[in-house]
Amino acid sequence: MNTFTRRVTTAAICLALPIGLAACGDDDDDTATSDAAATDTTVAADDSTTTAAVADGEASLVITDVWARTSAEGQTTGAAYMTITGGAEGDRLIAAAAPTTVAGETQIHEVVPAEEATDAMDMGESTDEAMPGMDESSDSMGDMGAMTMQQVEFIEIPAGGSVTLEPGGYHVMLLDLVAPLVAGDTFDLELTFENAGVQTVSVEVRDA
Amino acid sequence: MIPNRRRIAVLMGALAVATLLTGCGDGNSDDDQAATDASDAEPGVLGGIVRDPAPDLSTVSLPDATQGDEQLAMVAPPGEFLVMYFGYTACPDICPTTMSDLRTALETLGDDDRDRIEVAMATVDPTRDSGQLLTSYVQSFIPDAHALRTDDLTLLRTVTDAFGADFQVSTGPDGTVDVAHTTWLYAIDDQGRLRVQWSFGTSGQDLARDMEILLDGDAGDQGTA
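Line by line, the protein sequences give chains A and B.
Position one of the first sequence corresponds to residue -1 (this note's numbering), numbered consecutively onward.
Position one of the second sequence corresponds to residue 23 (this note's numbering), numbered consecutively onward.
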């Protein structure tokens, strides 16, 4: 499974271009993360920063801008977003857990074009037919701007780089919300990293 | 096959427009939706995707749970626009983000303009979304929005085909429900013509800007060209 940072928001635009126009060709997955790191490290002193210390006392991870959107009436799921900046050594976010007073279950997800979903959703007869003049990869509902989510086993935090969990990309999914997420509320979220261990951050609910 | 032809037409339309747009994101900014960035757009030119020919949606409709399941035709009231979305309520990320952006757009518009935008969300997951649930959901974003729902998946497919949209709901062995759905927002005029569609991530400001263009009529008669 390719769980490396994928610029899904970019992909959403590019879906309209299934033939793979050159305009989208420089959308290299790997560069997105390192590019972001160059700018994100400067916000590490923010008030909302959580600094994760490893055993030797050296700060390795900085987690900023942790938020979740206010849930709509009847909405049973939610998502938490943040920026995670790695230390000198890379790390992996491998688990997340919200209190059971907030959500019944917590998972790490990413939004992907439906055609790229790991479990290759069968799009049914309406899309099974080959399109004349189109290459095979375009023969899916991704052409229609369709997206889906998939659970990921981990999110790679590159050494010296950062990853932003944001709408349309990675998110911590809150399943079976126990109560509505109300603007201004906060709740703790436990994030488990392969190297940095369990880090607890405060999630701010925003009416974004 | 008609659906297939429609899809091809959709693609060609999207390609024709998309090739005019600037790149698909530089990979290092939060504004990868630069294709619709108002700052790059020419005055009076829609930032969203305009398909040519404009799909005719006047023949399709869906039951509106906010109106006792009366059919809502995909035609805006005279002089207005209908903004349509296909989603579902158990959607943690894409749908609330989009509805929130749409709410921002409507808040950005002046009162007169806002009164001329109707919003409708159709669920692609009617098994889990009751009409009441969908109504509560969509109206918590936009108070007078329509909530469209049908158990007739053939009907729903007919409607999504007309838009060039798609959806898929599947249940895994562990009971997990996976939903894939087209994430465009669509603006339909009072003749049932699809005038513009916006990709996921288009900001509320950019949506509002396009809506103003549509409402001002500056976009011309692209739908009838």
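Each residue gets a CB set at the ideal place from its N, CA and C atoms; glycine is no exception.
B/Phe163 sits in a helix when the DSSP states are folded into three classes.
In the three-state reduction of the DSSP assignment, B/Phe103 falls in the strand class, which pools E and B. Sequence-distant Cβ neighbours of A/Arg204 in its own chain, meaning closer than 8 Å and more than five residues away, are Trp65, Ala66, Arg67, Thr68 and Ala181. Per DSSP, B/Gly226 is one residue of the alpha helix (DSSP H) stretching across Gly226 to Asp238. Assignment of A/Val201 by DSSP, reduced to helix, strand and coil, places it in the strand class. Residue contact check for A/Glu192 against chain B: no CB pair falls below 8 Å. Residue state for B/Gln154 is assigned as helix, using DSSP reduced to three classes. Residue pairing for A/Ile155: DSSP places it in a beta bridge opposite A/Asp89. Taking the Cα of B/Val181 as reference, the smallest distance to any Cα among B/Ile71, B/Val160 and B/Pro85 is reached at B/Pro85. Within chain A, the residues placing a beta-carbon under 7 Å from that of B/Leu155 are Gly72, ordered along the chain. Relative to the Cα of A/Tyr168, the nearest Cα in the group A/Leu59, A/Ala78, A/Ala86 and A/Gly195 belongs to A/Ala78.
The criterion of a C-beta distance shorter than 8 Å is satisfied by B/Thr224 and B/Gly70. Contact annotation: in the region 77 to 108 of chain A, residues whose CB is within less than 7 Å of a CB in chain B are Ala77. With respect to the C-alpha of B/Thr120, the residue from B/Leu236, B/Asp228 and B/Ile235 having the closest C-alpha is B/Asp228. Under the three-pair Cβ rule at 8 Å, the region 77 to 97 of chain A counts as touching the region 146 to 158 of chain A.
Neighbourhood of A/Gly166 in chain B, by CB distance below 8 Å: Asp115, Ile116, Thr119, Phe222 and Gly223, in chain order.
Going by DSSP, B/Pro118 is part of the alpha helix (DSSP H) stretching over Ile116 to Thr130. Under the 8 Å criterion on CB atoms, A/Ala181 is classed as non-interfacial with respect to chain B.
Only buried fits A/Pro111, as 16 or more other CB atoms lie within 10 angstroms of its CB.
Going by C-alpha positions, A/Ala144 is about 6 Å away from B/Thr205. Of all residues in the region 188 to 221 of chain B, only Asp188, Gln190, Ser192, Asp200, Val201, Ala202, His203, Thr204, Thr205, Trp206 and Ser221 place a beta-carbon less than 7 Å from a beta-carbon of chain A. In this structure, B/Arg150 and B/Ala112 form a Cβ contact; the two beta carbons are roughly 6 Å apart against a cut-off of 8 Å. Within chain B, the residues Ser122 have their CB atoms less than 8 Å from the CB of A/Ala206, given in chain order. The beta carbon of B/Ala127 does not come within 8 Å of any beta carbon belonging to chain A, so the residue lies off that interface. Taking a C-beta distance under 8 Å as the contact criterion, A/Leu173 and A/Glu103 qualify as a contact pair. Between B/Leu131 and B/Glu234, the gap from beta carbon to beta carbon is short of 8 Å. Against chain A, a Cβ distance below 9 Å from B/Ala167 picks out nothing, because the smallest value is about 11 Å. By the Cβ criterion, the region 96 to 103 of chain B is in contact with the region 208 to 220 of chain B, since at least three pairs of Cβ atoms, one from each stretch, lie closer than 8 Å. In the three-state reduction of the DSSP assignment, A/Gln149 falls in the strand class. A/Val196 and B/Leu68 have their alpha carbons spaced roughly 47 Å apart. Contact between the region 72 to 80 of chain B and the region 188 to 196 of chain B is absent, with fewer than three C-beta pairs closer than 8 Å.
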